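Heads up, the thing below is written out as C-alpha coordinates.
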Amino acid sequence: MSKYISLTKRNCLVFLRDRSSVFFSLLAMLIVMLLTTVFLGSLNVTSITNLLEKYGGVRDSAVDTENAKELIRYWTLAGILVVNSLTVSLTVIGIMITDVNENRLESFYTAPTSKPLIALSYVTSAIIIGTLFCVLTFILALIYIAGCGGTLLSFSAVLRVLFYIFVNVCIFSVIMYLAALFVKSPSAWSGIATIVGTLVGFVGAIYLPMGSLPEKLGNVLTYLPVLHGTSLMRKVCCESILAKTFEGVPTEVLDVYKEQMGITIVMKNITVSSVFQLLFMIGCGVAALIAAFIAARHKHISDR
(Lines of atoms letter the chains of each structure in order from A; the text may use other names.)
(Lines give C-alpha, C1' and ligand atoms only; values in the text may rest on other atoms or scores of the structure.)
Protein backbone atom coordinates (compact mmCIF):
# COMPACT_ATOMS: atom_id res chain seq x y z
CA MET A 379 0.00 0.00 0.00
CA SER A 380 2.81 2.41 0.84
CA LYS A 381 4.40 1.77 -2.59
CA TYR A 382 1.10 2.54 -4.28
CA ILE A 383 0.75 5.79 -2.33
CA SER A 384 4.35 6.76 -3.11
CA LEU A 385 3.88 6.12 -6.83
CA THR A 386 0.63 8.08 -6.89
CA LYS A 387 2.23 10.97 -5.01
CA ARG A 388 5.17 10.92 -7.41
CA ASN A 389 2.87 11.12 -10.45
CA CYS A 390 0.92 14.02 -8.96
CA LEU A 391 4.11 15.96 -8.17
CA VAL A 392 5.53 15.32 -11.66
CA PHE A 393 2.42 16.88 -13.17
CA LEU A 394 2.22 19.85 -10.79
CA ARG A 395 5.90 20.69 -11.22
CA ASP A 396 5.50 20.92 -14.99
CA ARG A 397 4.01 24.37 -15.43
CA SER A 398 3.41 23.89 -19.14
CA SER A 399 1.31 20.77 -18.45
CA VAL A 400 -0.74 22.67 -15.89
CA PHE A 401 -1.26 25.55 -18.32
CA PHE A 402 -2.27 23.43 -21.30
CA SER A 403 -4.58 21.32 -19.18
CA LEU A 404 -6.50 24.54 -18.44
CA LEU A 405 -6.30 25.83 -22.01
CA ALA A 406 -9.36 23.87 -23.14
CA MET A 407 -11.34 25.38 -20.27
CA LEU A 408 -10.31 28.89 -21.35
CA ILE A 409 -11.28 28.18 -24.95
CA VAL A 410 -14.71 26.92 -23.94
CA MET A 411 -15.23 29.90 -21.65
CA LEU A 412 -14.30 32.39 -24.37
CA LEU A 413 -16.41 30.71 -27.05
CA THR A 414 -19.53 30.31 -24.94
CA THR A 415 -19.46 33.63 -23.07
CA VAL A 416 -17.93 36.07 -25.54
CA PHE A 417 -19.03 34.69 -28.92
CA LEU A 418 -22.04 32.47 -28.21
CA GLY A 419 -23.31 33.90 -24.92
CA SER A 420 -25.31 36.76 -26.41
CA LEU A 421 -26.88 34.45 -29.01
CA ASN A 422 -28.03 32.02 -26.31
CA VAL A 423 -29.38 34.83 -24.14
CA THR A 424 -31.27 36.29 -27.09
CA SER A 425 -32.83 32.93 -27.95
CA ILE A 426 -34.07 32.57 -24.36
CA THR A 427 -35.54 36.08 -24.17
CA ASN A 428 -37.28 35.53 -27.54
CA LEU A 429 -38.86 32.34 -26.21
CA LEU A 430 -40.02 34.09 -23.05
CA GLU A 431 -41.44 36.98 -25.04
CA LYS A 432 -43.28 34.64 -27.39
CA TYR A 433 -44.70 32.15 -24.90
CA GLY A 434 -44.49 33.82 -21.49
CA GLY A 435 -47.15 36.49 -21.82
CA VAL A 436 -46.57 39.89 -20.18
CA ARG A 437 -43.08 39.91 -18.65
CA ASP A 438 -40.31 42.17 -17.35
CA SER A 439 -37.72 42.09 -20.16
CA ALA A 440 -34.90 43.36 -17.90
CA VAL A 441 -35.48 40.58 -15.35
CA ASP A 442 -35.77 37.98 -18.13
CA THR A 443 -32.45 39.12 -19.60
CA GLU A 444 -30.65 38.86 -16.27
CA ASN A 445 -32.15 35.42 -15.61
CA ALA A 446 -31.15 34.29 -19.10
CA LYS A 447 -27.57 35.46 -18.55
CA GLU A 448 -27.36 33.55 -15.27
CA LEU A 449 -28.82 30.45 -16.92
CA ILE A 450 -26.19 30.54 -19.67
CA ARG A 451 -23.42 31.04 -17.10
CA TYR A 452 -24.48 27.88 -15.24
CA TRP A 453 -24.97 26.03 -18.54
CA THR A 454 -21.44 27.04 -19.53
CA LEU A 455 -20.04 26.06 -16.11
CA ALA A 456 -21.44 22.55 -16.48
CA GLY A 457 -19.73 22.16 -19.84
CA ILE A 458 -16.41 23.50 -18.55
CA LEU A 459 -16.41 21.03 -15.65
CA VAL A 460 -16.84 18.09 -18.02
CA VAL A 461 -14.19 19.41 -20.42
CA ASN A 462 -11.77 19.75 -17.50
CA SER A 463 -12.55 16.27 -16.18
CA LEU A 464 -11.51 14.82 -19.54
CA THR A 465 -8.62 17.05 -20.63
CA VAL A 466 -6.88 17.20 -17.24
CA SER A 467 -7.15 13.43 -16.84
CA LEU A 468 -5.72 13.01 -20.34
CA THR A 469 -2.76 15.26 -19.53
CA VAL A 470 -1.96 13.46 -16.27
CA ILE A 471 -2.14 10.04 -17.94
CA GLY A 472 0.45 11.40 -20.37
CA ILE A 473 3.00 11.00 -17.57
CA MET A 474 2.86 7.25 -18.23
CA ILE A 475 3.69 7.82 -21.91
CA THR A 476 6.73 9.88 -20.90
CA ASP A 477 7.82 7.23 -18.41
CA VAL A 478 7.59 4.54 -21.10
CA ASN A 479 9.48 6.67 -23.63
CA GLU A 480 12.27 7.43 -21.15
CA ASN A 481 12.44 3.85 -19.82
CA ARG A 482 11.37 4.83 -16.32
CA LEU A 483 8.50 2.37 -16.40
CA GLU A 484 10.94 -0.52 -16.89
CA SER A 485 12.74 0.62 -13.74
CA PHE A 486 9.44 0.55 -11.83
CA TYR A 487 8.81 -3.00 -13.09
CA THR A 488 12.16 -4.17 -11.69
CA ALA A 489 11.13 -2.95 -8.23
CA PRO A 490 9.15 -5.27 -5.94
CA THR A 491 5.84 -3.74 -7.07
CA SER A 492 3.13 -5.41 -9.13
CA LYS A 493 2.34 -4.05 -12.59
CA PRO A 494 -1.40 -3.61 -11.83
CA LEU A 495 -0.45 -1.46 -8.84
CA ILE A 496 1.75 0.74 -11.01
CA ALA A 497 -1.09 1.09 -13.54
CA LEU A 498 -3.52 1.93 -10.74
CA SER A 499 -1.19 4.66 -9.49
CA TYR A 500 -1.37 6.43 -12.87
CA VAL A 501 -5.17 6.27 -12.94
CA THR A 502 -5.43 7.37 -9.31
CA SER A 503 -3.15 10.37 -9.86
CA ALA A 504 -5.29 11.38 -12.85
CA ILE A 505 -8.40 11.12 -10.66
CA ILE A 506 -6.85 13.19 -7.87
CA ILE A 507 -5.51 15.96 -10.12
CA GLY A 508 -8.61 15.97 -12.34
CA THR A 509 -10.93 16.26 -9.35
CA LEU A 510 -8.77 18.98 -7.79
CA PHE A 511 -8.76 21.11 -10.95
CA CYS A 512 -12.49 20.67 -11.49
CA VAL A 513 -13.33 21.62 -7.91
CA LEU A 514 -11.08 24.66 -8.17
CA THR A 515 -12.80 25.64 -11.42
CA PHE A 516 -16.20 25.15 -9.78
CA ILE A 517 -15.31 27.39 -6.85
CA LEU A 518 -13.92 30.16 -9.06
CA ALA A 519 -16.98 29.99 -11.32
CA LEU A 520 -19.35 30.29 -8.35
CA ILE A 521 -17.42 33.33 -7.12
CA TYR A 522 -17.71 34.87 -10.61
CA ILE A 523 -21.46 34.15 -10.83
CA ALA A 524 -22.03 35.61 -7.35
CA GLY A 525 -19.97 38.66 -8.35
CA CYS A 526 -22.30 39.14 -11.34
CA GLY A 527 -25.28 39.20 -8.98
CA GLY A 528 -26.33 35.62 -9.59
CA THR A 529 -27.85 33.18 -7.11
CA LEU A 530 -25.58 30.45 -5.78
CA LEU A 531 -26.50 26.78 -5.91
CA SER A 532 -28.06 25.14 -2.88
CA PHE A 533 -25.93 22.97 -0.61
CA SER A 534 -27.53 19.78 -1.94
CA ALA A 535 -26.90 20.91 -5.54
CA VAL A 536 -23.25 21.60 -4.73
CA LEU A 537 -22.88 18.10 -3.29
CA ARG A 538 -24.42 16.58 -6.42
CA VAL A 539 -22.08 18.59 -8.65
CA LEU A 540 -19.09 17.37 -6.65
CA PHE A 541 -20.34 13.79 -6.97
CA TYR A 542 -20.74 14.12 -10.74
CA ILE A 543 -17.29 15.71 -11.00
CA PHE A 544 -15.80 12.67 -9.30
CA VAL A 545 -17.78 10.23 -11.48
CA ASN A 546 -16.76 12.01 -14.70
CA VAL A 547 -13.09 12.18 -13.70
CA CYS A 548 -12.97 8.51 -12.71
CA ILE A 549 -14.57 7.32 -15.94
CA PHE A 550 -12.49 9.53 -18.21
CA SER A 551 -9.29 8.62 -16.36
CA VAL A 552 -9.90 4.93 -17.06
CA ILE A 553 -10.79 5.63 -20.71
CA MET A 554 -7.67 7.77 -21.16
CA TYR A 555 -5.51 5.05 -19.58
CA LEU A 556 -6.96 2.55 -22.06
CA ALA A 557 -6.11 4.90 -24.95
CA ALA A 558 -2.59 5.46 -23.59
CA LEU A 559 -1.83 1.74 -23.80
CA PHE A 560 -1.82 2.06 -27.60
CA VAL A 561 0.40 5.16 -27.78
CA LYS A 562 4.19 4.96 -27.66
CA SER A 563 5.49 8.54 -27.96
CA PRO A 564 4.75 11.79 -26.08
CA SER A 565 4.42 13.65 -29.40
CA ALA A 566 1.66 11.29 -30.53
CA TRP A 567 -0.10 11.68 -27.18
CA SER A 568 0.22 15.46 -27.49
CA GLY A 569 -1.44 15.28 -30.89
CA ILE A 570 -4.25 13.18 -29.45
CA ALA A 571 -4.66 15.69 -26.62
CA THR A 572 -5.04 18.51 -29.14
CA ILE A 573 -7.66 16.62 -31.12
CA VAL A 574 -9.58 15.50 -28.04
CA GLY A 575 -9.44 18.98 -26.49
CA THR A 576 -10.99 20.38 -29.66
CA LEU A 577 -13.60 17.68 -30.23
CA VAL A 578 -14.83 17.36 -26.65
CA GLY A 579 -16.63 20.71 -26.94
CA PHE A 580 -18.61 19.43 -29.91
CA VAL A 581 -19.10 15.89 -28.60
CA GLY A 582 -20.50 17.26 -25.35
CA ALA A 583 -22.71 19.78 -27.21
CA ILE A 584 -20.82 22.58 -25.45
CA TYR A 585 -19.67 24.73 -28.36
CA LEU A 586 -22.97 24.22 -30.17
CA PRO A 587 -26.26 23.21 -28.50
CA MET A 588 -27.78 19.87 -29.44
CA GLY A 589 -30.48 21.62 -31.43
CA SER A 590 -27.86 23.15 -33.73
CA LEU A 591 -26.30 19.81 -34.66
CA PRO A 592 -27.47 17.58 -37.52
CA GLU A 593 -30.02 15.03 -36.31
CA LYS A 594 -27.95 11.99 -37.29
CA LEU A 595 -24.86 13.37 -35.56
CA GLY A 596 -26.89 14.17 -32.46
CA ASN A 597 -28.18 10.58 -32.37
CA VAL A 598 -24.60 9.25 -32.51
CA LEU A 599 -23.47 11.56 -29.70
CA THR A 600 -26.16 10.18 -27.38
CA TYR A 601 -24.14 6.96 -27.18
CA LEU A 602 -21.03 8.71 -25.86
CA PRO A 603 -20.41 9.18 -22.11
CA VAL A 604 -19.23 12.79 -22.54
CA LEU A 605 -22.68 13.99 -23.57
CA HIS A 606 -24.39 12.22 -20.68
CA GLY A 607 -21.83 13.53 -18.22
CA THR A 608 -22.47 17.06 -19.45
CA SER A 609 -26.22 16.55 -19.30
CA LEU A 610 -26.10 15.34 -15.70
CA MET A 611 -24.01 18.34 -14.72
CA ARG A 612 -26.35 20.73 -16.52
CA LYS A 613 -29.42 19.29 -14.84
CA VAL A 614 -28.01 20.14 -11.43
CA CYS A 615 -26.38 23.48 -12.29
CA CYS A 616 -29.38 24.81 -14.24
CA GLU A 617 -32.25 23.29 -12.27
CA SER A 618 -33.04 26.28 -10.04
CA ILE A 619 -32.41 29.06 -12.55
CA LEU A 620 -34.38 27.18 -15.25
CA ALA A 621 -37.48 27.15 -13.05
CA LYS A 622 -36.99 30.84 -12.28
CA THR A 623 -36.33 31.89 -15.87
CA PHE A 624 -39.18 29.92 -17.47
CA GLU A 625 -41.76 30.69 -14.78
CA GLY A 626 -45.14 31.16 -16.43
CA VAL A 627 -44.03 29.48 -19.65
CA PRO A 628 -45.80 26.29 -20.85
CA THR A 629 -44.07 23.10 -19.76
CA GLU A 630 -43.86 21.91 -23.36
CA VAL A 631 -41.73 24.93 -24.29
CA LEU A 632 -39.35 24.29 -21.38
CA ASP A 633 -39.05 20.60 -22.30
CA VAL A 634 -38.14 21.46 -25.90
CA TYR A 635 -35.60 24.04 -24.72
CA LYS A 636 -33.91 21.56 -22.37
CA GLU A 637 -33.68 19.01 -25.16
CA GLN A 638 -32.29 21.58 -27.61
CA MET A 639 -29.63 22.72 -25.12
CA GLY A 640 -28.53 19.21 -24.15
CA ILE A 641 -29.86 19.47 -20.61
CA THR A 642 -32.02 16.44 -21.21
CA ILE A 643 -31.08 13.67 -23.66
CA VAL A 644 -33.50 11.84 -25.93
CA MET A 645 -32.60 8.34 -27.13
CA LYS A 646 -34.96 6.61 -29.54
CA ASN A 647 -37.69 9.20 -28.83
CA ILE A 648 -37.45 8.62 -25.08
CA THR A 649 -36.12 11.21 -22.64
CA VAL A 650 -33.66 9.22 -20.53
CA SER A 651 -33.53 9.63 -16.76
CA SER A 652 -30.56 10.74 -14.68
CA VAL A 653 -30.33 7.24 -13.19
CA PHE A 654 -30.05 5.71 -16.67
CA GLN A 655 -27.39 8.26 -17.66
CA LEU A 656 -25.37 7.57 -14.53
CA LEU A 657 -25.57 3.80 -15.05
CA PHE A 658 -24.67 4.23 -18.73
CA MET A 659 -21.55 6.21 -17.79
CA ILE A 660 -20.54 3.70 -15.14
CA GLY A 661 -21.06 0.92 -17.68
CA CYS A 662 -18.74 2.71 -20.11
CA GLY A 663 -16.15 3.05 -17.34
CA VAL A 664 -16.37 -0.62 -16.40
CA ALA A 665 -16.12 -1.67 -20.06
CA ALA A 666 -13.03 0.55 -20.48
CA LEU A 667 -11.51 -0.92 -17.31
CA ILE A 668 -11.99 -4.50 -18.55
CA ALA A 669 -10.61 -3.58 -21.98
CA ALA A 670 -7.62 -1.89 -20.35
CA PHE A 671 -6.91 -4.99 -18.25
CA ILE A 672 -7.05 -7.23 -21.33
CA ALA A 673 -4.96 -4.83 -23.44
CA ALA A 674 -2.34 -4.39 -20.71
CA ARG A 675 -2.06 -8.14 -20.18
CA HIS A 676 -1.68 -8.76 -23.92
CA LYS A 677 0.89 -5.99 -24.16
CA HIS A 678 3.01 -7.41 -21.31
CA ILE A 679 2.94 -10.88 -22.91
CA SER A 680 3.95 -9.54 -26.34
CA ASP A 681 6.79 -7.52 -24.78
CA ARG A 682 8.43 -10.61 -23.31
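Quick note: the sequence shown uses this note's numbering, first residue 379, plus one each step. Ideal placement from N, C-alpha and C gives every residue a C-beta, glycine not left out. Model, not experiment: these values are computed from the prediction.
From the options, residue whose alpha carbon lies closest to that of residue i
i	options	result
Ile355	Leu540, Trp567 and Asp396	Here the chain comprises residues numbered 379 to 682, so residue 355 is not present and cannot be evaluated.
Ala621	Leu394, Ser420 and Asp442	Asp442
Pro628	Glu431, Phe401, Lys387 and Arg388	Glu431
Glu593	Phe550, Leu537, Met645 and Asn481	Met645
Asn422	Ile643, Asn647 and Ile584	Ile584
Met474	Thr642, Phe560 and Ala666	Phe560
Leu530	Leu537, Thr386 and Leu520	Leu520
Glu444	Phe401, Ile619 and Val604	Ile619
Arg388	Ile543, Gly527, Ala504 and Asn647	Ala504
Gln638	Gly596, Gln655, Ala665 and Ser651	Gly596
Phe516	Val536, Leu591, Leu657 and Lys636	Val536
Ser420	Ser398, Ala446 and Arg397	Ala446
Leu605	Val461, Glu480 and Asn479	Val461
Gly661	Ala673, Tyr635 and Leu602	Leu602
Ile643	Leu394, Tyr452 and Met588	Met588
Leu657	Ile672, Val545, Arg451 and Ser499	Val545
Beta-carbon proximity list for residue i, same chain, < 6 Å, skipping 5 on both sides
i	result
Tyr555	Ile471, Val501 and Ala670
Leu464	Phe550 and Val578
Glu448	Gly528 and Ile619
Leu495	Tyr382
Tyr542	Leu610 and Met611
Close beta carbons around residue i, own chain, < 8 Å, minus the five adjacent residues each side
i	result
Ala456	Thr608, Met611, Arg612, Val614, Cys615 and Cys616
Ile679	Summary for Ile679: the model assigns pLDDT 44, below 50, so the residue's position carries little reliability, and this model does not support an answer.
Tyr433	Val627, Pro628 and Val631
Val574	Leu464, Thr465 and Leu468
Gly435	Gly626
Residue range of the unbroken alpha helix (DSSP H) whose run includes residue i
i	result
Asp633	Thr629 to Gln638
Met474	Ser439 to Asn479
Pro587	First-last for Pro587: undefined, no H or E at that position.
Thr515	Lys493 to Gly525
Val614	Pro603 to Thr623
Lys562	No alpha helix (DSSP H) holds Lys562; DSSP gives it neither H nor E.
Lys381	Ser380 to Arg395
Gly596	Glu593 to Leu599
Exposure label - residue i; buried when at least 16 CB within 10 Å
i	result
Val598	exposed
Lys562	exposed
Thr649	exposed
Thr424	exposed
Thr572	exposed
Arg675	exposed
Cys526	exposed
Met379	exposed
Gly569	exposed
Ala722	Outside the shown range of the chain, which is 379 to 682, sits residue 722, and nothing can be said about it.
Thr386	buried
Ile458	buried
Lys493	exposed
Tyr522	exposed
Leu429	buried
Phe683	The requested residue 683 does not occur in the structure, where the chain is confined to residues 379 to 682.
Ala524	exposed
Val539	buried
Beta-carbon contacts of residue i that lie in its chain and below 7 Å, excluding the five residues immediately before and after
i	result
Asp681	Any reading at Asp681 must be qualified, since the residue scores a pLDDT of 49, below 50, and its modelled position is unreliable; no value is offered.
Val547	Ser463, Ser467, Ile505, Gly508, Thr509 and Cys512
Leu667	Val552
Residues sharing a beta bridge with residue i, DSSP
i	result
Ile543	None; Ile543 has no bridge partner.
Ile648	Met645
Within-7 Å CB hit, residue i to chain B
i	result
Cys390	This model lacks chain B altogether; it includes just one protein chain.
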